[in-house]
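FYI, the numbering for the sequence shown is 17 to 147, going by the working numbering.
Yeah, the Cβ is synthetic: ideal placement off N, Cα and C, and Gly gets one too.
No experiment lies behind these values; they were computed from the predicted model shown.
This report refers to the structure that appears directly beneath it.
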Amino acid sequence: MRRTFLVLGILLLALTAVRGAIAQQAKKTTSATLSGVVLGPDDKPVPHASITYQSSGGSAPHAVHADSHGHFTITKLRADNYDVRASGKGVFSEWEKNVTVKPGQEKTLTLHLIYAKQIPKAYVNSKPAQQ
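Structure representation (structure tokens):
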């Protein structure tokens with residue numbers, strides 16, 4: 017009798033562990049991750065840049081912020097096509113259109129901020145160049 021309870025307990029514990037592993041695997045394969053870095057017009061990382069993303073159909077816009085080294089990570093994305101754009105210090109990147117992410121995929125992007133009609137002071141040296 018005691019041996020039966022021990023075997024049943026071990027079997028139940030094994031089934032619980034397998035079920036947990038399957039659930040974890042399902043989570044990993046159903047969501048995707050999009051990460052990358054935001055570079056300024058000077059090709060240096062832009063700390064705390066804002067990254068805007070939405071499905072290519074235009075629904076559900078969201079935003080995240082880069083860390084102090086310009087790196088960002090967007091997790092738990094559904095498999096879809098996304099449009100992604102970054103901004104920082106008054107400068108924007110162009111839209112990266114139709115970035116496809118598949119279930120379980122980890123995709124990396126580099127977003128380059130481009131000059132506006134007038135260069136923001138944040139990117140201009142404090143001393144003008146003398147000729």
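About 5 Å separates the Cβ atoms of leucine 129 and glycine 56, confirming a contact at the 8 Å cut-off. Assignment of isoleucine 130 by DSSP, reduced to helix, strand and coil, places it in the coil class. Classified as buried, alanine 82 has 16 or more neighbouring CB atoms from the shown chains inside 10 Å of its CB. Alanine 48 carries a strand assignment under DSSP once its states are collapsed to helix, strand and coil. Going by DSSP, lysine 113 is part of the beta strand (DSSP E) stretching over 112–117. For alanine 79, the enclosing beta strand (DSSP E) stretches over residues 78–81.
With a beta-carbon spacing of about 11 Å, alanine 65 and glycine 106 fall beyond the 8 Å limit used to define contacts.
One alpha carbon belongs to leucine 31, the other to leucine 22, and they sit about 14 Å apart. With contacts defined as CB atoms closer than 8 Å, leucine 50 and leucine 93 qualify as a contacting pair.
Taking C-beta atoms as the reference points, alanine 48 and proline 119 count as a pair closer than 8 Å.
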